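In the UniProt record's numbering, the protein residues as written are 1 to 375. Notes follow the structure.
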Ligand code: ADP
């Protein structure tokens with residue numbers, strides 16, 4: 001099937017066209033500045049979609065699209081798998097807006113724009129939280145009064161689920177086992193970063209929580225901090241917006257070094273950059289150790305996404321902190337560039353260390369085709 005995969009943000013719309021059978025990428029693009037027609041951007045998501053359609057006419061040469069798959073950030077407690085979109089589903093996604101105020105409304109705008117243009121087009125929502133619906137209560141609950149959970153849905157949800165599910169399947173395939181038998185720790189290290197504990201193919205813990213802010217040191221997000229810092233700063237006169245900007249956009253690697261991009265930090269290799277990498281790799285190693293315990297002894301450690309796939313230096317820093325687990329990487333294998341799933345550990349390593357490229361668009365295309373076929 002030919003699937004249009006849409007990742008709709010508030011001011012941008014990313015798309016790819018994939019053949020769900022072969023995985024082939026037939027087209028891709030990015031429409032920016034939605035709502036900024038003064039600077040040449042489309043007025044709204046419907047107009048953005050007009051631009052996508054124009055671009056597709058050029059690249060698809062008349063091949064029709066069979067279905068559209070949407071990346072939807074928050075599926076709350078309701079969605080544990082991809083679903084065919086109906087009006088009721090759209091309303092259910094909108095009810096989750098308070099949990100993802102920047103993302104879910106934009107995702108729905110993308111869905112509505114498609115429905116307006118192609119009313120008969122099957123559309124599927126693939127949720128970034130869905131893979132983590134298997135977290136046990138002791139992992140998803142915060143130690144706060146139950147009222148906060150009941151009233152506001154305050155609990156841990158986890159994100160990057162589409163990527164973790166895809167990488168679990170491909171890591172299992174590399175190890176020659178069915179995904180349901182895979183037990184290990186997966187680190188998705190992109191601009192956003194999180195780590196997940198997978199036991200028998202299911203997510204049992206993950207480092208992002210109520211929002212994608214919890215957990216690892218990221219490009220511009222702080223990850224774990226003492227929540228009292230927010231109270232302290234608020235008493236010092238910081239507003240809600242100040243704190244949001246500070247922790248989501250001005251912290252992490254950017255806050256520590258001035259750069260959010262791993263390549264710039266690795267290139268500069270000064271003392272400040274080295275300390276930032278020490279902080280980030282130490283935090284990740286602590287999580288890996290914790291999740292090794294959570295899964296009852298991991299059978300693999302997997303790196304994925306921009307940094308996980310491409311930065312051998314960062315992988316080395318992390319694995320060098322894991323000697324207590326008996327894990328060792330092979331320097332030559334680790335430093336080899338490569339775009340396919342591979343093992344980078346030594347023969348002596350207690351369990352294999354893998355690099356498995358993620359492909360969220362392929363995962364969304366496959367899931368969309370599967371839902372449409374079974375509908
Ligand atoms: P996103 O979360 O935006 O999808 P990516 O998965 O593309 O992000 O990851 C982006 C990160 O990957 C950036 O920090 C970038 O510097 C890093 N990265 C990409 N290629 C390399 C490389 N060759 N060496 C080191 N870091 C890299």
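From the three backbone atoms N, C-alpha and C, an ideal C-beta is built for every residue, glycine too. From a predicted model like this one, the values you see are computed outputs, not experimental measurements.
Near the ligand ADP: residue i beta-carbon under 7 Å from a heavy atom
i	result
residue 128	no
residue 305	yes
residue 266	yes
residue 261	yes
residue 320	no
residue 397	Residue 397 lies beyond the residue range present for the chain, which begins at 1 and ends at 375; the question has no answer from this structure.
residue 281	no
residue 192	yes
residue 97	no
residue 311	yes
residue 219	yes
Span of the alpha helix (DSSP H) around residue i
i	result
residue 196	Per DSSP, residue 196 belongs to no alpha helix (DSSP H); it is in the beta strand (DSSP E), 193-199.
residue 319	312-320
residue 264	262-268
residue 327	It is not in any alpha helix (DSSP H) - residue 327 carries neither H nor E in the DSSP assignment.
residue 114	104-117
residue 184	No alpha helix (DSSP H) contains residue 184, which is instead part of the beta strand (DSSP E) from 184-189.
residue 203	Unbroken run through residue 203 is the beta strand (DSSP E), 202-206; no alpha helix (DSSP H).
residue 232	228-235
residue 288	271-294
residue 225	It is not in any alpha helix (DSSP H) - residue 225 carries neither H nor E in the DSSP assignment.
residue 170	161-174
residue 61	First-last for residue 61: undefined, no H or E at that position.
residue 258	First-last for residue 258: undefined, no H or E at that position.
residue 137	137-140
residue 149	146-152
residue 90	87-95
residue 249	240-249
Top-ranked residue by Cα proximity to residue i, from the options
i	options	result
residue 10	29, 81, 109	109
residue 393	33, 258, 287	Since the first residue of the chain shown is 1 and the last is 375, residue 393 is not available in this structure.
residue 207	189, 229, 48	189
residue 220	260, 95, 4, 229	260
residue 153	34, 63, 99	99
residue 22	375, 370, 362	362
residue 124	42, 173, 66, 150	66
residue 352	39, 4, 322, 106	322
residue 254	338, 275, 211	275
residue 211	129, 336, 69, 6	129
residue 161	155, 209, 150	209
residue 156	307, 242, 214, 12	214
residue 366	81, 77, 42, 62	81
residue 72	103, 250, 191	103
residue 32	26, 43, 25, 24	43
residue 277	354, 216, 375, 24	216
residue 306	117, 116, 191, 16	191
residue 84	70, 77, 94, 344	70
residue 105	159, 25, 12	12
residue 57	28, 180, 370	28
residue 349	364, 370, 356, 320	320
residue 143	235, 252, 227	227
residue 61	30, 17, 78, 94	17
residue 310	344, 236, 372, 116	344
Residue interval of the beta strand (DSSP E) (run including residue i)
i	result
residue 28	25-31
residue 6	2-8
residue 71	67-72
residue 16	13-19
residue 125	123-127
residue 304	301-304
residue 356	That residue, residue 356, is in no beta strand (DSSP E); it is neither H nor E in DSSP.
**Request:** Evaluate contact between the stretch 155-168 and the stretch 278-298, counting only Cβ atoms and requiring at least three cross-stretch pairs below 8 Å.
**Result:** With fewer than three CB-CB distances shorter than 8 Å, the stretch 155-168 does not count as touching the stretch 278-298.
**Prompt:** Below 8 Å, can you find three or more Cβ-Cβ pairs linking the stretch 306-317 to the stretch 194-203?
**Reply:** The stretch 306-317, when compared against the stretch 194-203, does not touch it at the 8 Å Cβ threshold.
**Prompt:** Would you call the stretch 105-121 and the stretch 34-52 touching, i.e. three or more CB-CB distances under 8 Å?
**Reply:** Contact between the stretch 105-121 and the stretch 34-52 is present, because at least three Cβ pairs lie under 8 Å.
**Prompt:** On the three-pair Cβ rule with 8 Å, is the stretch 293-302 touching the stretch 181-188?
**Reply:** These segments touch.
**the stretch 29-45 touching the stretch 86-102, judged by at least three CB pairs closer than 8 Å** = No, the stretch 29-45 is not in contact with the stretch 86-102.
**Prompt:** Three or more C-beta pairs closer than 8 Å, one from the stretch 236-256 and one from the stretch 126-140: is that the case here?
**Reply:** Not touching, per the Cβ criterion.
**Item:** Segment contact, 8 Å Cβ cut-off, at least three pairs: the stretch 216-232 with the stretch 333-345
**Value:** Segments in contact, no.
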